[in-house]
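Below is one structure, written out as C-alpha cells, with a few remarks after it.
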Ligand code: MRU
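Residue numbers (the numbering used here): 3 to 345.
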C-alpha cells in the first residue's frame with residue numbers, strides 16, 4: 003500500500019502529489035504552517051487525506067508548543083485549528099477531523115490534564131483518525147465489491163485512491179476490493195482536467211497494482227458509454243449533503259448525467275466522515291474556486307492566451323437523483339437518501 007502520509011519521528015512526511023507520476027518526492031512538514039501549506043497547494047489532496055493530515059497537523063503543532071500553561075496551549079491549539087480550517091472549503095472531512103481533535107482536547111481539558119498529557123492525547127487521536135480511515139476504506143472496498151459483476155469495465159473520475167485517503171482508497175477501494183474478490187476488472191480513468199488527478203494519480207496507483215487501466219480525456223466518456231463499454235461508474239466525494247447531493251471533483255456531475263442517460267449504475271464511495279447531515283442539500287455546499295493558472299497552464303506550458311477570462315470551480319454537485327447508491331463503511335445506502343442516510 004502507498005504511504006500517503008506518515009510520522010517520521012515527530013515530523014510528518016507525505017508524498018508530493020503535484021510531482022507524480024514523474025517523480026516520487028517526499029515532503030517533510032515540521033510545523034502547522036508547513037501542513038496548512040501542503041493542503042492548500044495540494045501536495046496532499048483528497049477529502050479523507052486532507053482530514054487525516056489536518057488532525058496530524060494539530061498533533062504536530064501541539065507537540066512543538068513551548069507553552070507551559072494550559073491557557074496559552076489552548077489559545078495556540080485554537081489558532082492552529084483556524085489556520086488549518088481555512089485551507090480548503092469543500093471537503094467536509096477537514097472540518098470533521100478538526101472537530102474530532104477539538105472534542106478530544108475538550109475532554110482532556112475537562113479532566114484537568116496537563117499540557118504534556120494533552121499533547122499525548124492529541125497524538126493518539128490523530129493516529130486513531132488515520133487508522134480508522136484505512137479501516138473504513140477497506141470496509142467500503144469489501145462492501146462495494148458486491149456491486150461489481152464478475153467481469154466489469156469501471157469508469158472513475160479524479161483520484162479517490164490510496165493517495166486521497168490514509169490508504170487503500172474509496173472509489174479505488176471498491177475497485178481493489180472487487181479485484182481481491184476475484185472479479186475481472188478493467189478501469190477507465192478520466193484524466194480530470196485541470197489538475198489531472200485521473201491521468202496522473204489514479205493511473206499511477208492502478209498501474210502499480212497491476213490493474214488494467216486506460217486513461218481517457220474527460221470528453222470521451224459519453225461516446226464510450228454509448229458504445230456499451232462501461233458497466234458502472236464509481237467516484238469519491240468531498241461532501242455528501244443530508245439529501246444525498248454530492249460534491250466531488252469538477253466533471254463528476256457530467257459523468258453522472260451521462261450514466262443516467264445510458265442506464266449505467268453510478269455509485270459514490272465515501273467514509274462516514276464525508277457525510278454532512280447538517281448541510282441540507284447541494285446548494286448549501288461551498289465550492290472552492292482555485293487559481294486561473296491551473297486552467298491556463300499545464301505545468302509550465304501556457305495553453306490559453308493572456309487576456310482570456312478563466313473559471314476554475316474545483317468541484318461540482320451531483321444531485322442525488324443521479325446516484326444509484328452511496329457506499330460507506332456502515333453499509334450501502336440506497337435512495338431515498340434523506341431518510342436512509344439518517345437511518
Ligand atoms: O481537489 P482534490 O484533488 O482534493 O479533489 C479530490 C476529489 O474530488 C476526490 O474525488 C474526493 O476528495 C474523494 S477522495 C477519496
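We put the beta carbon where it would ideally sit given N, CA and C, even for glycine.
Per-residue burial, residue 50 [other beta carbons within 10 Å of its own, 16 or more giving buried] = Counting from one through the chain shown, the residue named residue 50 turns up at place 48. Under this definition residue 50 is a buried residue.
**Prompt:** Could you give the C-beta distance for residue 143 and residue 269, rounded to a whole number, given that I count them as a contact under 8 angstroms?
**Reply:** Working through the chain shown from its first residue, we reach residue 143 at position 141. Working through the chain shown from its first residue, we reach residue 269 at position 267. The distance from the Cβ of residue 143 to that of residue 269 is about 12 angstroms, inconsistent with a contact at the 8 angstroms cut-off.
Q: Locate the alpha helix (DSSP H) running through residue 58, then write down its first and last residues.
A: Counting from one through the chain shown, the residue named residue 58 turns up at place 56. From DSSP, the alpha helix (DSSP H) with residue 58 extends over 49 to 66.
query = Using DSSP with H/G/I as helix, E/B as strand and the rest coil, what is residue 3?
reply = Position 1 of the chain shown holds residue 3. Any reading at residue 3 must be qualified, since the residue scores a pLDDT of 47, below 50, and its modelled position is unreliable; no value is offered.
Residue 349 vs residue 327 beta-carbon contact at 7 angstroms:
The first residue shown for the chain is 3 and the last is 345, placing residue 349 beyond what the model contains.
For the ligand MRU, I want to know if residue 367 counts as a neighbour, meaning its beta carbon is within less than 6 angstroms of at least one of the ligand's heavy atoms.
Within the shown structure, residues of the chain are numbered from 3 to 345, placing residue 367 beyond reach of any answer.
Checklist line | Range covered by the alpha helix (DSSP H) that runs through residue 104 | finding: Within the chain shown, residue 104 is the residue found at index 102, counting from 1. 94 to 112 is the extent of the alpha helix (DSSP H) around residue 104.
Margin query: Given 6 angstroms as the limit, tell me if residue 250 has its C-beta closer than that to any heavy atom belonging to the ligand MRU.
Written below: If you number the chain shown from 1, residue 250 lands on position 248. For the ligand MRU, at least one heavy atom lies less than 6 angstroms from the Cβ of residue 250.
Outcome for residue 240 when other beta-carbon atoms lying within 10 angstroms are tallied against a minimum of 16 = Locating residue 240 in the chain shown gives position 238, counting from the first residue. Result: buried.
Margin query: Quick check on residue 84: does DSSP put it in helix, strand or coil?
Written below: As a working mapping, residue 84 is identified with position 82 in the chain shown. Residue 84 falls in the helix class under three-state DSSP.
- Query: Taking just the CA atoms, how far does residue 171 sit from residue 27?
  - Reply: Numbered from its first residue, the chain shown carries residue 27 at position 25. Numbered from its first residue, the chain shown carries residue 171 at position 169. Just so you know, the alpha carbons of residue 27 and residue 171 end up roughly 20 angstroms apart.
**Helix, strand or coil at residue 330 according to DSSP, with G and I counted as helix** = As a first step, residue 330 is located in the chain shown; it is residue number 328 there, counting from the start. Reduced to three states, the DSSP call for residue 330 is strand.
Between residue 202 and residue 23, is the Cβ-Cβ spacing less than 7 angstroms? The sequence position of residue 202 within the chain shown is 200, counting from 1. The sequence position of residue 23 within the chain shown is 21, counting from 1. In this structure, residue 23 lies closer than 7 angstroms to residue 202 by Cβ.
query: Can you tell which of 156, 99, 166, 162 has its C-alpha closest to the C-alpha of residue 181?
result: The residue you call residue 181 lines up with position 179 of the chain shown. That would be 156, whose Cα lies nearest to the Cα of residue 181.
Original post:
Opposite residue 44 in the DSSP bridges: which residues?
Top reply: Along the chain shown, read from residue 1 onward, the residue named residue 44 stands at position 42. According to DSSP, which records beta bridges pairwise, residue 44 is partnered with nothing at all.
Look at the Cβ atom of residue 271, then the Cβ atom of residue 236, and state whether they are nearer than 7 angstroms. Mapped onto the chain shown, residue 271 falls at position 269. Mapped onto the chain shown, residue 236 falls at position 234. Yes. Within cutoff.
Q.
Looking at residue 322: is its Cβ nearer than 7 angstroms to the Cβ of residue 98?
A. Start at 1 with the first residue of the chain shown, and residue 322 comes out as number 320. Start at 1 with the first residue of the chain shown, and residue 98 comes out as number 96. No, Cβ-Cβ distance for residue 322 and residue 98 is not below 7 angstroms.
- Collapsed DSSP secondary structure at residue 236 in the structure displayed: Your numbering for residue 236 matches position 234 in the chain shown. Look at residue 236 here: in three-state DSSP terms it is strand.
request  = Return yes when the C-beta of residue 240 is under 6 angstroms from any heavy atom of the ligand MRU, and no when it is not.
outcome  = One-based indexing of the chain shown puts residue 240 at position 238. Result yes, Cβ under 6 angstroms from the ligand MRU.
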